[in-house]
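In our numbering, the protein residues as written are 6 to 192. Glycine is no exception: its CB is placed at the ideal position from the N, C-alpha and C atoms. First comes the structure, then the notes that go with it.
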């Protein structure tokens with residue numbers, strides 16, 4: 006398992022990406038410095054030996070546990086360049102209390118693992134030879150996404166916040182899976 010502590014009072018700041026929020030930088034920005042934060046996890050594939058083209062919806066299956074009633078899981082698909090720079094291609098969010106849908110909240114229980122299958126977003130990109138595919142996971146991306154105060158109460162009316170230990174469980178008994186819309190090149 007890999008874990009981090011998410012503090013709603015010190016959220017991971019938004020940096021680029023595909024959004025239309027006034028005053029925030031959009032588009033490609035190097036994320037490598039931001040990824041050094043202790044509340045950001047990264048998982049990288051091997052250095053590519055040939056170009057890998059994708060076009061369409063990227064998805065990920067994760068196993069998540071937390072010691073708070075609610076948390077967010079923000080996943081970004083990134084391209085790691087040979088010089089170490091990291092660029093976001095697309096991102097998605099799962100507010101865990103709405104993992105079953107938006108009709109009603111389903112709070113988390115400490116110690117229980119929840120399986121989620123989430124949409125990361127659409128991307129059309131060629132990962133070049135020498136680059137790496139990377140998944141970045143965090144519990145916040147503010148102000149692109151509103152902060153989850155992690156109490157399970159309404160985020161718009163409560164003043165309480167909880168720091169939360171969030172675990173991503175990944176082992177042979179509980180694998181995680183990244184699904185990319187790979188385009189096979191004709192030879």
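Tell me the DSSP secondary structure of residue 39 in three-state form.
Position 34 of the chain shown holds residue 39. In the structure shown, residue 39 sits in a helix (DSSP, three-state: H, G or I).
Tell me the DSSP secondary structure of residue 103 in three-state form.
Taking the chain shown and counting its residues from 1, one reaches residue 103 at position 98. In the structure shown, residue 103 falls within a helical segment according to DSSP collapsed to helix, strand and coil.
Considering only residues of the same chain and omitting the five flanking positions on each side of residue 175, which have a CB-CB separation below 6 angstroms?
Residue 175 sits at position 170 when you count from the first residue of the chain shown. The residues are 181.
Proximity winner among 156, 191, 149, relative to residue 32 (alpha-carbon distances)
The count along the chain shown starts at 1 and reaches residue 32 at position 27. Among 156, 191, 149, the Cα nearest to that of residue 32 belongs to 149.
Quick one: is residue 95 buried, meaning 16 or more other Cβ sit within 10 Å of its Cβ, or exposed?
Reading the chain shown from its first residue, position 90 is the one you call residue 95. Buried, by the Cβ-count rule.
Cβ neighbours of residue 131 in the same chain (closer than 6 angstroms, five flanking residues each side left out)
Position 126 of the chain shown, counted from the start, is the residue given in the question as residue 131. Contacts found: 56, 58.
Euclidean distance between Cα positions of residue 126 and residue 133
Against the chain shown, residue 126 aligns to sequence position 121. Against the chain shown, residue 133 aligns to sequence position 128. If I take the Cα positions, the gap works out to 20 angstroms.
On the three-state DSSP scale, how would you describe residue 67?
Taking the chain shown and counting its residues from 1, the one referred to as residue 67 is at position 62. Strand at residue 67.
Measuring straight from C-alpha to C-alpha, what distance separates residue 63 and residue 48?
Stepping through the chain shown from its first residue, residue 63 is reached at position 58. Stepping through the chain shown from its first residue, residue 48 is reached at position 43. For residue 63 and residue 48, the distance between alpha carbons rounds to 15 angstroms.
Residues bridged to residue 47 (per DSSP)
Locating residue 47 in the chain shown gives position 42, where the first residue counts as 1. In the DSSP output, where bridge partners are listed per residue, residue 47 has 141.
Tell me residue 184's beta-bridge partners as DSSP assigns them.
Mapped onto the chain shown, residue 184 falls at position 179. Paired residue(s): 64.
Measuring straight from C-alpha to C-alpha, what distance separates residue 66 and residue 40?
As a first step, residue 66 is located in the chain shown; it is residue number 61 there, counting from the start. As a first step, residue 40 is located in the chain shown; it is residue number 35 there, counting from the start. Those two C-alpha atoms are separated by around 21 angstroms.
Tell me whether residue 189 is buried or exposed, calling it buried when 16 or more other Cβ atoms sit within 10 Å of its Cβ.
Numbered from 1 along the chain shown, position 184 holds the residue referred to as residue 189. The residue is exposed, with fewer than 16 neighbouring Cβ atoms inside 10 Å.
Taking the alpha-carbon of residue 145 as reference, which of 168, 34, 37, 110 has the nearest alpha-carbon?
In the chain shown, counting from the first residue as 1, residue 145 sits at position 140. With distances taken between Cα atoms, residue 145 lies closest to 168.
Just checking my contact of residue 112 with residue 75 at CB under 8 angstroms: how many whole Å lie between their CB atoms?
The sequence position of residue 112 within the chain shown is 107, counting from 1. The sequence position of residue 75 within the chain shown is 70, counting from 1. Contact holds; Cβ gap of about 6 angstroms.
For residue 9, count neighbouring Cβ atoms within 10 angstroms of its own Cβ and tell me buried if that reaches 16, exposed if not.
Here residue 9 refers to the residue found at position 4 when the chain shown is read from its first residue. Residue 9 is buried by the Cβ-count criterion.
Among 116, 73, 165, 22, which has the Cα closest to the Cα of residue 80?
Against the chain shown, residue 80 aligns to sequence position 75. Per the Cα distances, 22.
Under the three-state DSSP convention, the category residue 58 falls into:
In the chain shown, the residue the question calls residue 58 occupies position 53. Here residue 58 sits in strand by DSSP.
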